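Working notes for the structure below.
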Amino acid sequence: MRLLATIAAVAIVGGVVAVFNMLPASAATCAAQWQASAVYTGGMTASLNGHNYRAKWWTQNERPPGTSGVWEDQGTCGGSTPNPPTQTGTTGACSFPAWVQGRNYVTGDIVKFTDGKFYIAEHDNPGYSPVISTWYWDPYACTGGGGGGTTPPPSTGGFVVSEAQFNQMFPNRNPFYTYQGLVNALSAYPAFAKTGSDEARKQEAAAFLANANHETGGLVYIVEQNTANYPHYCDMSQPYGCPAGQAAYYGRGPIQLSWNFNYKAAGDALGIDLLHNPNLVQTDPAIAMKTALWYWNTQRGPGTMTPHNAMVNGAGFGETIRSINGSLECGGRNPAQVQSRVQAYQRFTQILGVGVGPGNLSC
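Letter by letter, the sequence shown follows residues -27 to -1, 1 to 336 in mature numbering (1 follows the signal peptide of the UniProt record, and there is no 0).
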């Protein structure tokens, strides 16, 4: 049984802060107005329709109060509203304290790490390193106070695929699947697309994205489309059961994470409680990508090696198919599905300007 994939559409909507003539004397000052295009991490605030909201985790395009539980209503607000940030994730001046190992931090704390960069706590933690614990910390951009006066463009994380190439690969993708969401997920598995020569790195990235393309119809689908399957992914023989509900562990993400035991295993590896919060995979683009990278880098499925090892050790693209869905597609079981993956890989390697590499293309 492997990770199954899915993806859900997220509507991009605009909002206008309403002006209230009558507000309680105790009403707080409104935070910066919520913006549909802005990225909000845990602890960040925004206002909409006379209410302040606080983000519990990473979110984008979900209008407060939302439906996923990401926004926490902080009550009514009034008075002057600060100017919204000029770039997503950008607020305030760069005058935050230095990170101290072993010091307790709470959600929303911002620190300057030893690498000179700033990080915001997504969850309470006892001083974990921001560059190791991506569940507890998220990069934070700000201006002024030593920040150079301007906010640098979003980092690509050294990824071998540019945003323009990503858009070329997925011209009809769902807005949920963002390039930045993919880049933000890369830190979970540093060896991915960073092992071997530049050509080998591009081939691995193309292989991963080609399989994701096939599993999601071109990064279109967010969740598994056959809802009749949803109740089947709860293995009650597991000691932890299905705390989110029997029908809560259906396929989500670029390589279709499914089954309660896979949600637990992926969540444990990533430091995210996906067993109790499986919807994070369909509401947070970075988490969705992280679960796909978890499978790619650590699971061999019905194959003999992980897809990552297949690409970096020269086994070839065909072995990645075997590890992801070999029991249903390889060995002549479904050649049309195999060919669909191969054609996507050939197209993506062409976009990246590299050959298809050694090993078998098919399985």
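Glycine is no exception: its CB is placed at the ideal position from the N, C-alpha and C atoms. Since we're looking at a predicted model, the values are computed, not measured.
Where residue i sits in the DSSP three-state scheme
{"i": "residue 339", "result": "Since the first residue of the chain shown is -27 and the last is 336, residue 339 is not available in this structure."}
{"i": "Val329", "result": "coil"}
{"i": "Trp110", "result": "strand"}
{"i": "Phe91", "result": "strand"}
{"i": "Lys237", "result": "helix"}
{"i": "Ile324", "result": "helix"}
{"i": "Val84", "result": "strand"}
{"i": "Gly291", "result": "helix"}
{"i": "Gln229", "result": "coil"}
{"i": "Val133", "result": "coil"}
{"i": "Ala161", "result": "helix"}
{"i": "Pro125", "result": "Its pLDDT being 41, under 50, Pro125 is placed unreliably by the model, and nothing is read from it."}
{"i": "Tyr268", "result": "helix"}
{"i": "Ala217", "result": "coil"}
{"i": "Ser20", "result": "strand"}
{"i": "Ala4", "result": "coil"}
{"i": "Arg27", "result": "strand"}
{"i": "Thr279", "result": "coil"}
Separation of residue j from residue i, as counted between CA atoms
{"i": "Gly304", "j": "Phe181", "result": "21 Å"}
{"i": "Arg76", "j": "Ile83", "result": "13 Å"}
{"i": "Gly224", "j": "Gly51", "result": "42 Å"}
{"i": "Ser300", "j": "Gln211", "result": "24 Å"}
{"i": "Asn140", "j": "Ala4", "result": "33 Å"}
{"i": "Phe321", "j": "Gln74", "result": "43 Å"}
{"i": "Gln310", "j": "Asn298", "result": "10 Å"}
{"i": "Thr200", "j": "Ala217", "result": "16 Å"}
{"i": "Thr168", "j": "Asn286", "result": "10 Å"}
{"i": "Tyr92", "j": "Thr151", "result": "21 Å"}
{"i": "Gln8", "j": "Leu266", "result": "29 Å"}
{"i": "Ser20", "j": "Gly39", "result": "13 Å"}
Proximity winner among the options, relative to residue i (alpha-carbon distances)
{"i": "Pro112", "options": "Arg306, Pro227, Lys90", "result": "Lys90"}
{"i": "Thr256", "options": "Met17, Ala1, Val43, Trp108", "result": "Val43"}
{"i": "Lys29", "options": "Trp269, His96, Ala185", "result": "His96"}
{"i": "Leu253", "options": "Thr18, Phe149, Asn270", "result": "Phe149"}
{"i": "Gly191", "options": "Thr80, Pro227, Trp267, Gln272", "result": "Pro227"}
{"i": "Gly326", "options": "Ala173, Phe165, Gln211, Ala164", "result": "Ala173"}
{"i": "Gln323", "options": "Ala161, Lys175, Pro144", "result": "Lys175"}
{"i": "Glu188", "options": "Ser231, Cys207, Ala221", "result": "Ser231"}
{"i": "Asn184", "options": "Leu334, His205, Gly131", "result": "Leu334"}
{"i": "Glu136", "options": "Gln153, Arg146, Asn145", "result": "Gln153"}
{"i": "Trp269", "options": "Cys215, Gly332, Ala178", "result": "Ala178"}
{"i": "His205", "options": "Val329, Ala220, Val196, Gln198", "result": "Ala220"}
{"i": "residue 346", "options": "Tyr101, Asp46, Glu45, Gln47", "result": "Residue 346 is absent from the model: the chain starts at -27 and stops at 336."}
{"i": "Phe143", "options": "Asn186, Pro103, Leu159", "result": "Asn186"}
{"i": "Gly332", "options": "Phe290, Tyr203, Gly48, Arg36", "result": "Phe290"}
{"i": "Thr18", "options": "Phe69, Pro70, Thr80", "result": "Thr80"}
{"i": "Glu35", "options": "Pro275, Asn25, Asn202, Tyr13", "result": "Tyr13"}
{"i": "Cys336", "options": "Ile294, Ser313, Gly330, Gln319", "result": "Ile294"}
{"i": "Gly274", "options": "Val315, Pro308, Asn22, Gln229", "result": "Gln229"}
Exposure label - residue i; buried when at least 16 CB within 10 Å
{"i": "Val134", "result": "buried"}
{"i": "Ala317", "result": "buried"}
{"i": "Glu302", "result": "buried"}
{"i": "Tyr213", "result": "exposed"}
{"i": "Arg306", "result": "exposed"}
{"i": "Ile105", "result": "exposed"}
{"i": "Pro103", "result": "buried"}
Cutoff 9 Å: residue i Cβ touching any chain D Cβ
{"i": "Met142", "result": "Considering every chain present, this structure includes no chain D. It has just one protein chain."}
Cβ-heavy atom distance, residue i to the ligand FAD, below 8 Å
{"i": "Asn333", "result": "The ligand content of the structure shown is nil, which means the ligand FAD is not present either."}
Query raised in the report: If you pair each beta-carbon of the stretch 234 to 246 with each one of the stretch 258 to 265, do three or more pairs fall below 8 Å?
Result: Taking 8 Å as the limit for Cβ pairs, the verdict is that the stretch 258 to 265 does touch the stretch 234 to 246.
Report task. Count the C-beta pairs between the stretch 159 to 171 and the stretch 275 to 293 that are closer than 8 Å, then say yes if the count reaches three, no if not. Result -> In this structure the stretch 159 to 171 touches the stretch 275 to 293; the number of beta carbon pairs closer than 8 Å is three or more.
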